[in-house]
Amino acid sequence: MSDIKNKENHQFGTDVGKLLNLMIHSLCSNKEIFLRELVSNASDAADKLRYLALQNGDLYGGDAELKVRVSADKEAKTVTISDNGIGMSREEVINSLGTIAKSGTAEFFQNLTGDQAKDSQLIGQFGVGFYSAFIVADEVTVRTRKAGEDAAVEWQSKGEGEYSLADIQKAERGTEIVLHLRDDEEEFLDEFRLRSIITKYSDHISIPVEMFKAPVPESEGPDGEKIEAQPGEWEAINRATALWTRDKSEISEDEYKEFYKHVGHDWEEPLTWAHNKVEGKTEYTSLLYIPKKAPFDLWNRDRQTGLKLYVQRVFIMDDAEQFMPSYLRFVKGLLDSNDLPLNVSREILQDNKITQAIRKGCTSRILKMLDRMGKNKPEEYQVFWNEFGQVIKEGPAEDAANKEAIAKLLRFSSTNTDESTQNVSLEQYVERMKEGQDKIYYVVADSFATAKSSPHLEIFRKKGIEVLLMSDRVDEWMMGHLTEFDGKQLQSITRGDLDLGDLEDEESKKAQEESEKEVAGLVERITESLGDKVKEVRFTHRLTDSPACVVVDDHDMSSQMQKLMESIGQSAPESKPIFELNPEHQLVKHLNDEQDEDKFSQWSEVLLDQALLAERGSLKDPVGFVTRLNKLMLDLSK
1 MSDIKNKENH QFGTDVGKLL NLMIHSLCSN KEIFLRELVS NASDAADKLR YLALQNGDLY
61 GGDAELKVRV SADKEAKTVT ISDNGIGMSR EEVINSLGTI AKSGTAEFFQ NLTGDQAKDS
121 QLIGQFGVGF YSAFIVADEV TVRTRKAGED AAVEWQSKGE GEYSLADIQK AERGTEIVLH
181 LRDDEEEFLD EFRLRSIITK YSDHISIPVE MFKAPVPESE GPDGEKIEAQ PGEWEAINRA
241 TALWTRDKSE ISEDEYKEFY KHVGHDWEEP LTWAHNKVEG KTEYTSLLYI PKKAPFDLWN
301 RDRQTGLKLY VQRVFIMDDA EQFMPSYLRF VKGLLDSNDL PLNVSREILQ DNKITQAIRK
361 GCTSRILKML DRMGKNKPEE YQVFWNEFGQ VIKEGPAEDA ANKEAIAKLL RFSSTNTDES
421 TQNVSLEQYV ERMKEGQDKI YYVVADSFAT AKSSPHLEIF RKKGIEVLLM SDRVDEWMMG
481 HLTEFDGKQL QSITRGDLDL GDLEDEESKK AQEESEKEVA GLVERITESL GDKVKEVRFT
541 HRLTDSPACV VVDDHDMSSQ MQKLMESIGQ SAPESKPIFE LNPEHQLVKH LNDEQDEDKF
601 SQWSEVLLDQ ALLAERGSLK DPVGFVTRLN KLMLDLSK
């Protein structure tokens, strides 16, 4: 290697400085993972070279045996990880090692708590890869040359806010990372320690991970026989066989878990997984994992998702999103197809029949796996639902073919539970339905507390009918596409006229008719008073404690859907509410007796505003409401 030229100093991005400092102090309990991360990156570099070499074999430059090498120098107190993979250009080094090239970085740092235990979990969700080197090193040197290029570059940093960049000469392509260990990290200079870490974490890597075997001098055996000298050599210490190509019976749970951390760039263990080899018209192997924790940027639209794609064990791409629907975007893992061409592109994948067949098979496999978990391991499934439930709720709108299967996975709060935990399935609800009940009732609100205190629930509580309580942002949109389950219609209790069918008894119906007769003519007076502020005024018997409520017509847009559309910058069509009155309530009877038309009008508007406030959580004219209410209170006090 020649002298260094054109050396420049650069400042880290603010985000990198924060992350390095956080990692050094938060991840000391699991230091050895630095080697797993760096060997994993080296393996990825080899995969990328193998793929690009399919179109340009000259990239190998006469060296097609891809490998990773790990060595330690006890005198220099360094550990070196090198590969002969794709390498990096100067610009790629700056983009990859000088900044965190990942979407949602700002959100990541907003979530930091200052609690080292919690923050270390967040780092795992973020996936830091190369930066894990600074857990054990106080200085890191990277030398790299991109395949097909002559120029090489050296990157160097002590992780203290800046790094240097210089042009160098490097005989071979690929990347060499030299870790200058801290004084208290000398355990990683021990060859046996390094071998055990590689065996533990990297046995599944599909290319050899080698360490140098020291030469053995000529010696004499115990019986005086001559033992030949053995030259030093590099030897593979991992199986160097792609894990997914092995028989399932040969793979231990620990091996599956460690492979997940490699393929998913996650530090947590997976919740569960499925490993399948499919033969027939379409032949492929899939290894699919359900993570235990959601990534911090799950809702970031720029976030890349998808499975690793291999064709005949050749790596093709990292994030092939065509094989999983969007509502399963949290699934991690890989596919290895025997049928797709090696020169496959994203465009070819988009409308490919093989892609569609694999997508259908993988989607079905994940849905069945989650269904089994929900039935057989409810506590484990609750962990999954708490992390990914809102994503699953996108399913009924996106995947009509699997709507029933997705519906079985859904979990809700209900009036049968005191807490906001979503743990009631539609199957459980149907099993608990009262005799004569033919609908699944639900209410959507801005929050669990608002849903639980909705006046629309009053008649259902009185009759002991369970109602599902929904308050996630996606719920109203989801229910627009999920209209029935197990032959039962799903009915919003805030939409349309209330019809309890066989749950109503004759005695109640007669009492309702009598109460309406007592305030006959009130509907017409209020209709005239409110004018075009409402679509209709009518009596209801869904209320027992409240004087009034508002509902929407069967074909009108609900207030929750209007809010959702407005929040994403879309204009929502205006829909006027239906104003329903409880004829048995004292305020409604008082209103019926009111002869002063001005007070009657004010009372009518106050009752309407109260109902709108309970339903929507806000009013267009809150000042007007307060003014009217104060005036009426003063009149009553006279």
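All residue numbers for the sequence shown refer to the UniProt record's numbering, where the first residue is 1 and numbers rise by one.
The C-beta atom is built at its ideal place from N, Cα and C for all residues, glycine as well.
- Between residue 545 and residue 466, the gap from beta carbon to beta carbon reaches 8 Å or more.
- Where residue 363 is concerned, there is no enclosing beta strand (DSSP E), although the alpha helix (DSSP H) around it starts and stops at 353-376.
- Counting of Cβ neighbours within 10 angstroms places residue 351 among the exposed residues, the total staying below 16.
- In the structure shown, residue 496 adopts coil according to DSSP, grouped into three states.
- Annotation: the continuous alpha helix (DSSP H) that includes residue 95 extends over 90-97.
- The C-beta of residue 261 has 16 or more other C-beta atoms within 10 Å across all chains shown, which makes the residue buried.
- Remark: C-beta atoms of residue 339 and residue 244 do not approach each other more closely than 8 Å.
- Remark: C-beta atoms of residue 136 and residue 200 do not approach each other more closely than 8 Å.
- Residue 500 is classed as buried because its beta carbon has at least 16 other beta carbons within 10 Å across all chains shown.
- Contact between residue 363 and residue 402 is confirmed by a C-beta separation of about 7 Å, below the 8 Å threshold.
- With contacts defined as CB atoms closer than 8 Å, residue 270 and residue 291 qualify as a contacting pair.
- With a cut-off of 8 Å on Cβ pairs, the stretch 577-594 is in contact with the stretch 548-559, counting three or more such pairs.
- By the neighbour-count criterion, in which 16 or more other beta carbons inside 10 Å mark a residue as buried, residue 146 falls on the buried side.
- Ranked by how close their Cα comes to the Cα of residue 203, the residues 161, 186, 181, 246 have 246 in first place.
- Annotation: residue 216 to residue 320 spans about 48 Å, alpha carbon to alpha carbon.
- Rounded to whole angstroms, the gap between the alpha carbons of residue 398 and residue 480 is 12 Å.
- A Cβ-Cβ distance of about 19 Å is found for the pair residue 155 and residue 70, leaving them out of contact under the 8 Å criterion.
- Taking each of 441, 318, 293, 310 in turn and checking the Cα distance to residue 304, the smallest one comes out for 318.
- The residue from 404, 168, 396, 423 with its alpha-carbon nearest to that of residue 384 is 423.
- Nearest in C-alpha terms to residue 405, of all of 609, 414, 425, is 425.
- In the DSSP assignment, residue 234 forms a beta bridge with 212.
- The alpha-carbon separation between residue 249 and residue 75 amounts to approximately 44 Å.
- Residue 145 has 152, 174 as its beta-bridge partners, per DSSP.
- Collapsing the DSSP output to three states places residue 56 in coil.
- The three-state secondary structure of residue 323, taken from DSSP, is helix.
- Beta-bridge analysis with DSSP links residue 83 to 68, 175.
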